[in-house]
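Below is one structure, written out as structure tokens, with a few remarks after it.
There are 2 protein chains.
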Amino acid sequence: MERNRSGDRKSVSRVPSGAAVMRVTVTDALARSFFQEWARTGYSGLSLERVARSASVGKAALYRRWPDKAAMASDLLSRVGLTITDVGAQGSLEDDLKAVLFAIRRALRHRQIKCILLDLHAEMERTPALERAIRPFQHMRRARIDGLIDRAIARGEIKPSIDRETAADFIAAPLYWRMAVLGGRSDRAHVEGLARMIASALRT
Amino acid sequence: MERNRSGDRKSVSRVPSGAAVMRVTVTDALARSFFQEWARTGYSGLSLERVARSASVGKAALYRRWPDKAAMASDLLSRVGLTITDVGAQGSLEDDLKAVLFAIRRALRHRQIKCILLDLHAEMERTPALERAIRPFQHMRRARIDGLIDRAIARGEIKPSIDRETAADFIAAPLYWRMAVLGGRSDRAHVEGLARMIASALRT
DNA sequence: AACGGATGGAACGCGACTGTTCCGGCCATA
DNA sequence: TATGGCCGGAACAGTCGCGTTCCATCCGTT
């Protein structure tokens, strides 16, 4: 085998390409393929070579942007973080809970997000870089739930002495468990029942 | 390179081995190494070659027992299932809950079990064989929780109209979320608070 | 209009894992 | 006591991904 050097007869036709500036379309295609492959194969089975191939992009273009898998994951995750929108304050604890739960449900309904989250939680134990990348998300979620609890305390709906950490666990966990871990569904009635039960737990 | 066939001079010393019956010690060593490696590298990064190596066992001995990774995982998981013991009925809903929660906590305290569970939940989405292997566990857990709920209904502590599925989610999820997903701790007081809050939610 | 760095594509050397096959040696069972 | 078939070890061919390097081409910027 020989390199395809000048002087060789053109072995196969080549598609034109290139410009003096990184093209956003290439970066976006790589990001899309990265998440798609992540959901399909899991993080540890994720091959950057395949990512580039499925994005119809040269491998060199990928490695010019990110040095390795962990850096790529961290960078892409941090970008997604920026697009998260807050849910406003509703009138009561139960309505606040419903708003948060519906937001969680909206995310977990996407099979891709569900798979990546499950995989991420498993991989964090082994790849500290991922844990660092995901921390901002956890803080954001925590802050939102703290706000929710503050409002409920101000309204007198729950006691100020509540263990906020455990309260936060109660809000996120059952829906995640049902949708992500068990792979079940969650309709409107389920979310409303959940909100009622969580509210009852928090009032304890 | 040549095979090490009869007639060659002994190239290196070889440790004696072999018998006409599969040795349980070999099977056990493979099982131990399998779970150890699983926790370390995750299912998809799990190499049977490494499993055999770390068990100090020939690769052939492994492949003589199981045809591939999925079969090995299914078989070993089903064996572990047999060792699960039931927790007896306590006097009240809250005490029943505490018993179940302490059992869950005991399991999740082992880093190895925690890692494997997280990984399993992520991998089930991709490897149907694992889903099939784990189903008996889910049924077992479900049956136990159904029993707990039946007793509480009989005592009049909760309504017979309760959504048992959601109730089961409430029992398992918060502790799993805290210990496995977030990597946090759970002391005795936490479990007791959890039991109180879950009981309150179930009574809704 | 000219520049220069990005582009798709191809290949490289390396290392790892897979599933299989062979061997001589050994020992639990019948 | 005889022996069948398991044992560790080693090698195999094949596949795959890694991270790098080269090329000729192209086109957004200045």
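Just so you know, the protein sequences line up as chains B and S, in that order. Each residue of the first sequence is one higher than the one before, starting from 103 at the first, in my numbering. Each residue of the second sequence is one higher than the one before, starting from 103 at the first, in my numbering. Cβ coordinates follow ideal geometry from the N, Cα and C atoms, glycine included. Being a predicted model, the structure only gives us computed values, none of them experimental.
- For D188/B, which of H223/B, F239/B, R287/B and R155/B has the nearest alpha-carbon? Of all alpha-carbon atoms in H223/B, F239/B, R287/B and R155/B, the one lying nearest the alpha-carbon of D188/B is that of F239/B.
- Query: Should T229/B go down as buried or exposed, given a rule of 16 or more other Cβ atoms within 10 Å for buried?
  - Reply: When all chains shown are included, T229/B counts as buried.
- Task: Run through the segment 183-212 of chain B for me and flag every whole beta strand (DSSP E) of 3 or more residues, listed as ranges in chain order.
- Result: DSSP runs (the beta strand (DSSP E)) wholly in the segment 183-212 of chain B: none.
- Are V159/S and A191/S touching if we call contact CB-CB under 9 Å? The criterion of a C-beta distance shorter than 9 Å is not satisfied by V159/S and A191/S.
- chain S beta carbons: is any one of them nearer than 9 Å to that of M124/B? So no, M124/B is outside the interface.
- Message: Quick check: the Cα distance between G249/B and E294/S, rounded to an integer number of angstroms?
- Response: If you draw a straight line from the Cα of G249/B to the Cα of E294/S, it comes to about 26 Å.
- Classification of G144/B by the beta-carbon crowding that lies within 10 angstroms, buried from 16 upward: Result: buried.
- Task: Quick one: which residues of the segment 223-234 of chain S get their C-beta closer than 9 Å to a C-beta of chain B? List them in chain order.
- Result: Taking 9 Å as the Cβ-Cβ cut-off against chain B, the residues of the segment 223-234 of chain S that qualify are H223, A224, E225, M226, E227, R228 and E233.
- Buried versus exposed, by CB contacts within 10 Å (16 or more), V262/B: Here residue 262/B is Pro; the residue named in the question, Val, does not match the sequence. Flag for P262/B reads exposed.
- What separation, rounded to the nearest whole angstrom, lies between the Cα atoms of R207/S and L220/S? Cα to Cα, the separation comes out at about 15 Å.
- Query: Going along the chain, which residues of its own chain have a beta-carbon closer than 8 Å to the beta-carbon of T306/B, five neighbours each way excluded?
  - Reply: Cβ within range, chain order: n/a, list empty.
- Message: Taking the straight line between their C-alpha atoms, what separation do you get for H85/B and D252/B?
- Response: The structure shown does not extend to residue 85/B, since chain B is modelled only from 103 through 306, so no value can be given for it.
- Can you tell me whether DSSP reads V126/B as helix, strand or coil? Here V126/B sits in helix by DSSP.
- Around the C-beta of S288/B, are 16 or more other C-beta atoms found within 10 angstroms, so that it is buried, or is it exposed? S288/B counts as buried, since at least 16 other C-beta atoms from the protein chains shown sit within 10 angstroms of its C-beta.
- Measure the C-alpha to C-alpha separation of E259/B and R166/B and round it to an integer number of angstroms. In a straight line, the C-alpha of E259/B is about 54 Å away from that of R166/B.
- Query: With 16 as the cutoff for other CB atoms within 10 Å, does A121/S come out buried or exposed?
  - Reply: Sixteen is the threshold: since fewer than 16 other Cβ atoms of the shown chains lie within 10 Å of the Cβ of A121/S, the residue is exposed.
- Closest by C-alpha distance to G285/S, when choosing among E225/B, I264/B, L203/B and R246/B: Ranking E225/B, I264/B, L203/B and R246/B by Cα distance to G285/S puts E225/B first.
- Item | Chain-ordered residues of the segment 249-279 of chain S with a beta carbon less than 7 Å from chain B | Legend: CB atoms of the segment 249-279 of chain S lying less than 7 Å from CB atoms of chain B belong to residues D265, T268, D271, F272, A274, A275, P276, Y278 and W279.
- For R266/B, three-class secondary structure by DSSP: R266/B falls in the helix class under three-state DSSP.
- Item | Host alpha helix (DSSP H) of V153/B (start-end) | Residue range L150 to S156 is occupied by the alpha helix (DSSP H) that includes V153/B.
- CB-CB under 7 Å to I186/B, same chain, minus the five flanking residues each way: which ones, in chain order? Short of 7 Å from the beta carbon of I186/B, and not among the five residues preceding or following it, lie these beta carbons of its own chain, in chain order: M242.
- Message: Please tell me whether L178/B and A141/B are closer than 9 Å, where the distance is taken between their beta carbons.
- Response: In this structure, A141/B does not lie closer than 9 Å to L178/B by Cβ.
- Query: On the premise that F272/B lies in contact with P276/S, defined as a C-beta separation below 8 Å, what is that separation, rounded to the nearest angstrom?
  - Reply: Indeed they touch by this definition, with Cβ atoms about 5 Å apart.
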